[in-house]
Amino acid sequence: MQLFSNNLFADAKTTYENSFYVIFGVPFDGTTSFKAGARDAPSMIRAASYNFETYLPYYDLDMSEILSHDMGDLRCDCLPDLVTKQVADAVSRVQKDGKIPLMIGGEHSVTIGAVRTLAPTWYVVCDAHLDLQEEFRGSFYNHDCVTTRVSETVKNIILIGPRSGTHDEFDTARKKYYLYTTDVVQERGISSILDEVGDMIGNETVYLSIDADAIDCCMTPGLGTPEPFGLTPTDIRTVVRRLASKNVVGFDYVEVLPNDAGQTTIVAAHIIREFIAGHHAAHHR
Ligand code: MN
Ligand code: MN
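Convert by adding 234 to the 1-based position in the sequence shown; the result is the number in the working numbering.
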């Protein structure tokens, strides 16, 4: 029996050397524009991860069977370009060791360094926002510029759930990327969209980024930039379940601001587990 608890992600008990999945937190929220506090999310999401049974009936799988490791939190520098470099270095180590990095934000800008290192063929993001600013409030690494920075590394970008952005951002998204706004998801249903997305991606490498504000803020209000009329937690779970079976080289869950009654962190913890279990079920058994 285990006598001592720790504050790492639940069931991430494998050593780094023996693990397939490597979790780490990036407690950074230096460029947040509306409400700050996403830096507190990694520890709160880890705490929430202890709420669940280790058994997942959907996969007939116990989380304790999966070889996952939690490295803890990155000790973040104070500027987003420096954090981008730190994340890139951390992800580079994990990638060279043949493991899959799973990052818990922090704000969305932490995604940039991971994508630069992994350079996947596809980038799929669930987000209320397009994040297509060239520069915002003095930084190219603002959390409102993530998709623009990612597009410098990745050609094929799929946006699921946007419902907020400038006219210019929407023009760019419509012209250059695969855009499935929340309205489109609600009209067509998430499954039909994921059929299409799955066919496009095929067996090519993909990075999956979940910005927590893709979900309707009336369901999960713990967000730095909340938007109503969004996707549901079940939509996000469907995205993660369907894409986890793909050739995913990196995953993140970002932009949680744990200032609510715990809904947003509990959904985040659950979705991170869904990704790990789904990827394991598809690739390791
Ligand atoms: Mn975002
Ligand atoms: Mn967002």
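C-beta: ideal position from N, C-alpha, C; glycine also.
At what residues does the beta strand (DSSP E) containing residue i begin and finish?
{"i": "M337", "result": "I334 to G339"}
{"i": "D486", "result": "V482 to V488"}
{"i": "S302", "result": "S302 to D307"}
{"i": "Y293", "result": "Counting along the chain, Y293 falls outside any beta strand (DSSP E), and DSSP gives it neither H nor E."}
{"i": "F254", "result": "Run containing F254: none; DSSP gives neither H nor E here."}
{"i": "C360", "result": "W356 to C360"}
In whole angstroms, what separates the C-alpha of residue i from that of residue j?
{"i": "A407", "j": "L366", "result": "8 Å"}
{"i": "D447", "j": "F463", "result": "11 Å"}
{"i": "V488", "j": "C379", "result": "14 Å"}
{"i": "F374", "j": "R383", "result": "8 Å"}
{"i": "C451", "j": "V490", "result": "11 Å"}
{"i": "N390", "j": "W356", "result": "5 Å"}
{"i": "V359", "j": "S239", "result": "34 Å"}
{"i": "T266", "j": "E461", "result": "15 Å"}
{"i": "Y412", "j": "L242", "result": "36 Å"}
{"i": "G264", "j": "S283", "result": "25 Å"}
{"i": "A246", "j": "D296", "result": "12 Å"}
{"i": "G432", "j": "A270", "result": "35 Å"}
{"i": "L205", "j": "P354", "result": "Residue 205 cannot be examined here, being either before or after the span of the chain that is shown, 235 to 519."}
{"i": "K409", "j": "E421", "result": "21 Å"}
{"i": "E369", "j": "R350", "result": "18 Å"}
Could you check how far apart the C-beta atoms of residue i and residue j are, in whole angstroms? I think they sit under 8 Å.
{"i": "V344", "j": "P335", "result": "Actually they are not in contact, since the Cβ atoms of V344 and P335 sit about 11 Å apart, beyond 8 Å."}
{"i": "A193", "j": "Y441", "result": "Nothing can be reported for residue 193, as the shown portion of the chain is limited to 235 through 519."}
{"i": "G512", "j": "R475", "result": "5 Å"}
{"i": "D486", "j": "I444", "result": "7 Å"}
{"i": "V317", "j": "D311", "result": "6 Å"}
{"i": "G372", "j": "A272", "result": "Actually they are not in contact, since the Cβ atoms of G372 and A272 sit about 19 Å apart, beyond 8 Å."}
{"i": "G259", "j": "L308", "result": "7 Å"}
{"i": "A275", "j": "T499", "result": "7 Å"}
{"i": "D361", "j": "L393", "result": "7 Å"}
How is residue i classed by DSSP in three states: helix, strand or coil?
{"i": "G432", "result": "helix"}
{"i": "H377", "result": "coil"}
{"i": "G496", "result": "coil"}
{"i": "I470", "result": "helix"}
{"i": "G395", "result": "coil"}
{"i": "F509", "result": "helix"}
{"i": "N390", "result": "strand"}
{"i": "D417", "result": "helix"}
{"i": "K269", "result": "coil"}
{"i": "L477", "result": "helix"}
{"i": "L465", "result": "strand"}
{"i": "L313", "result": "coil"}
Around the Cβ of residue i, are there at least 16 other Cβ atoms within 10 angstroms (buried) or fewer (exposed)?
{"i": "K333", "result": "buried"}
{"i": "R280", "result": "buried"}
{"i": "D405", "result": "exposed"}
{"i": "A495", "result": "exposed"}
{"i": "F509", "result": "buried"}
{"i": "G484", "result": "buried"}
{"i": "E403", "result": "buried"}
{"i": "P492", "result": "buried"}
{"i": "G423", "result": "exposed"}
{"i": "T400", "result": "exposed"}
{"i": "F268", "result": "exposed"}
{"i": "D331", "result": "exposed"}
{"i": "G395", "result": "buried"}
{"i": "L237", "result": "exposed"}
{"i": "T454", "result": "buried"}
{"i": "N376", "result": "buried"}
{"i": "S398", "result": "buried"}
Span of the alpha helix (DSSP H) holding residue i?
{"i": "G347", "result": "V344 to L352"}
{"i": "D520", "result": "The requested residue 520 does not occur in the structure, where the chain is confined to residues 235 to 519."}
{"i": "I279", "result": "A275 to A282"}
{"i": "L366", "result": "Looking at the DSSP string, L366 is not in any alpha helix (DSSP H), and its letter there is neither H nor E."}
{"i": "E442", "result": "First, the residue type needs correcting, since residue 442 is Leu and not Glu in the sequence shown. Looking at the DSSP string, L442 is not in any alpha helix (DSSP H); the run it does join, the beta strand (DSSP E), is V440 to D445."}
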